[in-house]
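These notes concern the structure reproduced below.
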């Protein structure tokens with residue numbers, strides 16, 4: 282199977298409600314896969330693409346088979362074709378040879394092409410890897426400063442993007458009980474363990490593992506707050 286064929290086959294399983302695909306490489310994102318996101322109601326419009334960097338200089342040193350222009354074209358294509366899409370990515374700062382200009386280019390890109398979800402890691406020098414012997418290694422303090430700057434940028438971006446969910450209704454998965462009237466779950470926009478959560482307010486008892494309808498009433502930097510909609514009372 283190609284990936285889009287496998288997803289299509291999985292969606293035939295009646296009890297399988299949500300399909301979420303993680304870690305899709307940008308240089309291997311086919312039109313057929315994009316079409317599957319458009320047409321398959323079980324495939325969540327959530328795309329996780331590990332871009333790693335945006336500077337062509339750094340991408341080349343990382344031996345990535347893509348470039349900035351290709352990445353921009355892909356992001357535009359995804360956003361133009363997949364309704365309500367949420368895009369997650371990860372970046373690495375402090376890779377050997379990353380200049381201040383390379384870093385600034387990345388920081389500006391995140392503001393120009395905002396991502397719903399973003400993780401950033403400092404490059405870790407591992408013996409036995411090609412990058413271990415590269416020249417222009419970055420000191421640990423600089424790496425941490427750069428990582429913190431990216432996270433600060435993303436904090437502002439995420440807070441703004443989360444607000445677009447307010448006053449809208451979504452299907453949610455209940456995952457945890459806090460107390461008699463408060464629960465934790467998530468909607469399609471959040472992947473387990475790596476993204477934010479949905480705090481659910483409900484006067485009715487909710488079962489862990491159940492799918493319910495919620496209305497988003499507020500948002501935090503990375504999380505959402507919603508009210509349970511009891512469709513039985515309608």
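Residue numbers (the numbering used here): 282 to 515. In this text, a Cβ means the ideal position worked out from N, Cα and C, and glycines have one as well. Keep in mind the model is a prediction, meaning the values are calculated, not measured.
Burial check for residue 462: the Cβ neighbour count within 10 Å stays below 16, so the residue is exposed. Straight-line spacing of the CA atoms in residue 361 and residue 501 works out to 27 Å.
Scanning its chain for C-beta atoms nearer than 8 Å, with the 5 sequence neighbours on each side dropped, one finds around residue 504 the residues 443, 477, 478, 479 and 480, in chain order. Between residue 314 and residue 334, the C-beta spacing is not below 8 Å. In the DSSP assignment, residue 455 falls outside any alpha helix (DSSP H) and within the unbroken beta strand (DSSP E) covering 450 to 460.
By alpha-carbon distance to residue 320, the top candidate from 420, 363 and 485 is 363. Cβ neighbours of residue 390 within its own chain (closer than 6 Å, five residues either side excluded): 335. The region 373 to 383 makes contact with the region 418 to 431, as at least three CB pairs between them are under 8 Å. If you ignore the 5 residues before and after residue 346, its C-beta comes within less than 8 Å of the C-beta of 308, all in its own chain and listed in chain order.
Beta-bridge annotation (DSSP): residue 370 is paired with 330 and 399.
Cβ-Cβ distances below 8 Å link residue 472 to 301, 303, 327, 329, 369 and 398 in the same chain, with the five nearest sequence neighbours on each side left out; the list follows chain order.
Bridge partners of residue 507 according to DSSP: 481 and 497.
Rounded to the nearest angstrom, the Cβ distance from residue 403 to residue 455 is 36 Å, too far for a contact under 8 Å.
Under a 10 Å Cβ-count criterion, residue 434 is classified as buried, with 16 or more other Cβ atoms of the shown protein chains found around its own Cβ. Our two residues, residue 382 and residue 513, have alpha carbons roughly 57 Å apart in a direct line.
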